[in-house]
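Sequential numbering from 2 applies to the sequence shown in my numbering.
Contents: one structure, followed by commentary.
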Amino acid sequence: MLRLYDNHLSGNGYKPRLLMAHLGLSYERIELDIMTGETRTPEFLALNPNGRIPLLVLEDGTPLAESNAILCYLAEGSRFLPAGRLERALTLQWLFFEQYSHEPNIAVARHWIRHSDMTDAQRTQLPAKQEGGHAALAVMEGHLGGADWFGGDALTVADIALYAYTHVAHEGGFDLAGYPAVTAWLARVAAMPDHVPMLPVAEGVVAGGG
Numbered sequence: 002m003l004r005l006y007d008n009h010l011s012g013n014g015y016k017p018r019l020l021m022a023h024l025g026l027s028y029e030r031i032e033l034d035i036m037t038g039e040t041r042t043p044e045f046l047a048l049n050p051n052g053r054i055p056l057l058v059l060e061d062g063t064p065l066a067e068s069n070a071i072l073c074y075l076a077e078g079s080r081f082l083p084a085g086r087l088e089r090a091l092t093l094q095w096l097f098f099e100q101y102s103h104e105p106n107i108a109v110a111r112h113w114i115r116h117s118d119m120t121d122a123q124r125t126q127l128p129a130k131q132e133g134g135h136a137a138l139a140v141m142e143g144h145l146g147g148a149d150w151f152g153g154d155a156l157t158v159a160d161i162a163l164y165a166y167t168h169v170a171h172e173g174g175f176d177l178a179g180y181p182a183v184t185a186w187l188a189r190v191a192a193m194p195d196h197v198p199m200l201p202v203a204e205g206v207v208a209g210g211g
């Protein structure tokens, strides 16, 4: 059985949970407290030397790290990852955008505000993070002005990757009222069959539907 090392507050961890719900996959979920060093134990570092979640351990014991790499692995051969060369590249384009322009700003601002006691250095850096986050949201808004989805004509891993932190962007101080196309897209993703919320989550075996 697939085994997912996760944290319930992590948008990166939510990505594979959401995709596996859409795919109807069963898996074992293991909660790790990233604030108390549970991803820095020798046992976990043996699986992922980078010491981060999510980490997916495959049926044969192979560990696979990095949330968007996990999405691509799980989605292979499904409707969530286009088979065509250009269509797949366009989907990957948004995955790279999410990790380079979106997540480092929106997710970091959210973490600082909601899940940590901000240091003076973080308070100084926060306006720049929020500026970068708004720039990413503006790019998304522009795309969604002429399309319903990212990377294709239907829900793909690009949408799942971008949804994870966008739908909780308000927790990082981002007001989405100025992004009506993004807001409408969030509602479309949440209305899809087999959608699961980021919270609550259960530890242990999660049975797939489909």
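Note that CB positions come from ideal geometry on N, CA and C, so glycine has one too.
Predicted model, so just to flag it, every value in this text is computed and none were measured.
In the displayed model, A90 falls within a helix according to three-state DSSP. Counting only residues of its own chain and dropping the five nearest sequence neighbours on each side, S11 has a CB closer than 8 Å to the CB of I35, I54, P55.
In this structure, the straight-line span from the alpha carbon of Q123 to that of G133 is close to 15 Å. Buried is the label assigned to H103, since at least 16 other Cβ atoms lie within 10 Å of its Cβ.
Each of N8, E204, P64, L200 was checked against the Cα of T37, and the nearest Cα belongs to N8. When beta bridges are read from the DSSP output, L3 appears opposite Y28. Here the region 128 to 144 lies against the region 173 to 185, with 3 or more beta-carbon pairs under 8 Å apart.
Per DSSP, the unbroken alpha helix (DSSP H) holding G143 starts and ends at 121 to 145. In the DSSP assignment, P64 forms a beta bridge with V58.
Taken through DSSP and simplified to helix, strand or coil, G205 comes out as strand. In the DSSP annotation of this structure, the continuous segment of the alpha helix (DSSP H) that includes A191 starts and ends at 181 to 191. Taking the C-beta atoms as reference points, E60 is found no nearer than 8 Å to L5. Of the candidates F97, W113, A203, the residue whose Cα lies closest to the Cα of A159 is F97.
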